[in-house]
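Per our numbering, the sequence shown starts with residue 414, numbered consecutively. Structure first, commentary second.
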Amino acid sequence: MAFIPITRVVVDERARRLVDEVLDSGQLAQGPMVERLEQLLASAAGCTHAVAMSSGTSALVATLRSLDIGPGDEVITSPFTFAATINAIVEVGAVARFADIGDDYTINPEAVADLIGERTAAIMPVHLYGLMTDMALLEPLARRHSLVVIEDAAQAIGAECAGRRAGSFGVGCFSMYATKNVSTGEGGAVTTSDPDLAERLRVMRNQGMRQPYEYLFPGSNYRLTDLQAAIGIPQMEDLEEITKRRRANAEFLAEHLGSVEGLMAPSEPGGRVHVYHQFTVRVTDEAPLQRDQLADALRKKDVGSGVYYPRPAFDYPCYREHANVIDSDPVPHAFEVSRQVLSLPVHPRLTQSDLESIVGAVHSSWKR
Ligand SMILES: *Cc1c(COP(=O)(O)O)cnc(C)c1O
414 MAFIPITRVV VDERARRLVD EVLDSGQLAQ GPMVERLEQL LASAAGCTHA VAMSSGTSAL
474 VATLRSLDIG PGDEVITSPF TFAATINAIV EVGAVARFAD IGDDYTINPE AVADLIGERT
534 AAIMPVHLYG LMTDMALLEP LARRHSLVVI EDAAQAIGAE CAGRRAGSFG VGCFSMYATK
594 NVSTGEGGAV TTSDPDLAER LRVMRNQGMR QPYEYLFPGS NYRLTDLQAA IGIPQMEDLE
654 EITKRRRANA EFLAEHLGSV EGLMAPSEPG GRVHVYHQFT VRVTDEAPLQ RDQLADALRK
714 KDVGSGVYYP RPAFDYPCYR EHANVIDSDP VPHAFEVSRQ VLSLPVHPRL TQSDLESIVG
774 AVHSSWKR
């Protein structure tokens, strides 16, 4: 039996044809394919504008810069995230601080409220594993304090909360990195329905230039290429189908793993649509084995898994010692779950027999 990997990227014939079209056109950098992809991204986020970027990280940086967030400003974010979230905040000279997460692995709006102060400039929720933060609570909180919300939606394309899509509550920052639900290898995008912000982002990604040699401010090069966009277009056209398959796989796994003692399967809180970028279980203290032992046991049975993330993102000397990182706010829940989480394969290419193998491998690892 073949190994079941945690992610699998398949580039189909349609993408190959579009890539060929780009190669034949001779225009390899940003061009019409990027525009086509942007329309699909905007509509998937329920926004009027999407601005493609070279990565999810540059989407975050360009957004912070476009909103004039920098030195003297604090950004409240989740401690349970990928380093890119902190890196973007630190790159613009702002200060990152962290509110604890809830059982849904996303930032707890009450913990955010406790940290809001004079210097707070933005709230940056992270829609982790494909589940949106409870924006029905976070959005009114931000509005009461006149704070901008920057959604780190890198893992949550197509996800919903209260009938609205990820990227439509605040400014949406998406990633199309190799492992994400929609992948162009490297890539990203910002979504917004504010035309002025969209224009500023477009100018920002293009060296601050609006027309040839008309510079409005010092920008950068955050552009995506038409070659990359060509790979993403068919996936965006299939997004609803991709999401449907991830959700069906998650449903099967949750159904068959839900009653394992000491193992907490993920669930979908009411009013939210989970897109299962990851299917992440918690191995609690009641389990007969620890998280890393489960990962080893699964590997021996040809089932891949991943730990996202083994520590809170700021819990490394390079961040704890950084002048732009506040590491002193208590985040006990983030520390607890980072010891317990394990993500199992849930990607749309899994077969029924793969799903059964994953369930069987977990069950047999349990009785040892
Ligand atoms: C992937 C990811 C990013 C960064 O995206 P890149 O495209 O890799 O730069 C940011 N935040 C989160 C939560 C991510 O998962």
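Just so it is clear, CB atoms sit at the ideal spot from N, CA and C, and this is done for glycine as well.
Query: Let me confirm a value: K402 is counted as buried when at least 16 other C-beta atoms fall within 10 Å, else exposed. Which label applies?; Result: Only positions 414 to 781 of the chain appear in the structure, and residue 402 is not among them; the question remains open.
Query: Could you compute how far the alpha carbon of V432 sits from the alpha carbon of Y635?; Result: 21 Å
Query: Output the boundary residues of the beta strand (DSSP E) element that contains I489.; Result: E487 to T490
Query: Using the Cβ count rule (16 or more neighbours within 10 Å means buried), how would you classify F495?; Result: buried
Query: If distances are taken between C-alpha atoms only, which option among E531, L550 and V603 comes closest to L477?; Result: V603
Query: Please report how far the alpha carbon of R532 lies from the alpha carbon of S741, in whole angstroms.; Result: 16 Å
Query: Pull up the distance between the alpha-carbon of A440 and that of V759, whole angstroms please.; Result: Here the sequence assigns Gln to residue 440, which means Ala is not the residue at that position. Looking at the two C-alpha atoms, the distance is approximately 36 Å.
Query: Is it true that the CB of T697 sits closer than 7 Å to the CB of I644?; Result: no
Query: Classify S784: buried if its beta carbon has 16 or more other beta carbons within 10 angstroms, exposed otherwise.; Result: With the chain covering only 414 through 781, there is no way to say anything about residue 784.
Query: Let me know the secondary structure DSSP gives E390 once reduced to three states.; Result: This structure cannot settle anything about residue 390, because the visible part of the chain is limited to 414 through 781.
Query: Grouping DSSP H, G and I as helix and E and B as strand, with all else coil, what is G543?; Result: helix
Query: Could you give the distance in angstroms between the alpha-carbon of V464 and the alpha-carbon of F692?; Result: 29 Å
Query: Can you name the start and end residues of the alpha helix (DSSP H) that F840 belongs to?; Result: Since the first residue shown for the chain is 414 and the last is 781, residue 840 is missing from the structure and cannot be characterised.
Query: Less than 7 Å separating the beta-carbons of I563 and V525?; Result: no
Query: Could you check whether the Cβ of V539 sits closer than 6 Å to any heavy atom belonging to ligand 1?; Result: yes
Query: Leaving out the 5 sequence neighbours to the left and right, which residues in its chain are closer than 7 Å to L670 when beta-carbon positions are compared?; Result: L676, A678, V694, V772 and V775
Query: Compute the Euclidean distance between the alpha carbons of M651 and G576, then round it to the nearest angstrom.; Result: Note on identity: in this sequence residue 651 is Asp, with Met being the wrong assignment. Their Cα atoms are separated by approximately 20 Å.
Query: Quick one: does the C-beta of D565 sit closer than 6 Å to a heavy atom of ligand 1?; Result: yes
Query: Our contact map puts R660 next to Y689 with C-beta atoms below 8 Å; I'd like the distance itself, whole angstroms only.; Result: 6 Å
Query: At a cut of 8 Å, does the stretch 576–588 reach the stretch 452–467 through at least three beta carbon pairs?; Result: yes
Query: Relative to the alpha-carbon of F511, which residue among E504, I520 and V503 has its alpha-carbon at the smallest distance?; Result: I520
Query: With three or more beta-carbon pairs closer than 8 Å as the criterion, would you say the stretch 422–438 touches the stretch 556–571?; Result: no
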